[in-house]
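Trainee: Using my numbering, read the sequence shown as starting at 70 and increasing by one per residue.
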Amino acid sequence: MAVEAATATETATGEVARHPLQHRWSLWYDNAKLKAATETWADNLKHILAFETVQEFWALFNNVMPPSMLSVQSNYSVFKEGVKPMWEDTANRQGGKFVLTVKGEDLPQLDQWWLHAVLSAIGETLESETDPEVCGLVVSLRKGQHRIALWTKTCQESRVVPVAKKLKEALKLPARLKFVFQTHSDAVSSLSSFQNASRFEV
């Protein structure tokens, strides 16, 4: 679905037509700096809102701060309904993520790249309808550099690389920028989100 092109249209009865998405999605937020000493990371994860139509998506995204305005250590996550942005979630456990690091001269592009990454995912332009691979997306704000990550349900190179290639094309990234793939199992072992070996890149 071309989510960018869908506009509010009226039916014959004067009602605003709804453009349903293939899946229902949720926006999540967390910030490690705001976590109380007694809280776990999961306790700090906040569900903002779910959306299932193009109109609901734009109503939400037009009323939340863009990633570039969030404080350091903040994360926005957009995941399919029923999937939490956690390594341990059943849908994510056997998978991994493609990570794009955004820094230096590319920092001004963060908001645009995040928006178009989300549009590509919810518009179902990255994967096969009959063999889905995308679980969700995360944008992470860190000191001096930020990251956009595409989470997949498997680690099979033959399955996930085509998805990342489509996303890279959708974002119109310069050739010097790469998505590097890391597994969630490595993250669980190291207890680190990003300081893990790259299995392959696109």
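Backbone N, C-alpha and C define an ideal beta-carbon position, used for all residues, glycine too.
What are the start and end residues of the alpha helix (DSSP H) that includes residue 124?
Mentor: 123-130
Trainee: State the start and end residues of the unbroken alpha helix (DSSP H) segment that holds residue 234.
Mentor: 226-240
Trainee: Quick one: residues in its chain with C-beta nearer than 6 Å to the C-beta of residue 171, no 5 flanking neighbours on either side, listed in chain order?
Mentor: 179, 215
Trainee: For residue 151, I'd like the list of residues in its chain whose CB is within less than 8 Å of its CB, leaving aside the five on either flank, ordered along the chain.
Mentor: 160
Trainee: Buried or exposed, going by whether 16 or more other CB atoms sit within 10 Å of the CB of residue 229?
Mentor: buried
Trainee: Determine, using beta-carbon pairs with one atom in the region 218-225 and one in the region 126-140, whether at least three such pairs fall under 8 Å.
Mentor: no
Trainee: For the beta strand (DSSP E) containing residue 94, list its first residue and its last residue.
Mentor: 89-100
Trainee: Skipping 5 residues on each side, what residues in its chain have a beta carbon closer than 7 Å to that of residue 157?
Mentor: none
Trainee: Note down the Cα distance separating residue 141 from residue 211, rounded to an integer number of angstroms.
Mentor: One C-alpha to the other measures close to 5 Å.
Trainee: Could you tell me the distance, in whole angstroms, from the CA atom of residue 103 to the CA atom of residue 204?
Mentor: 26 Å
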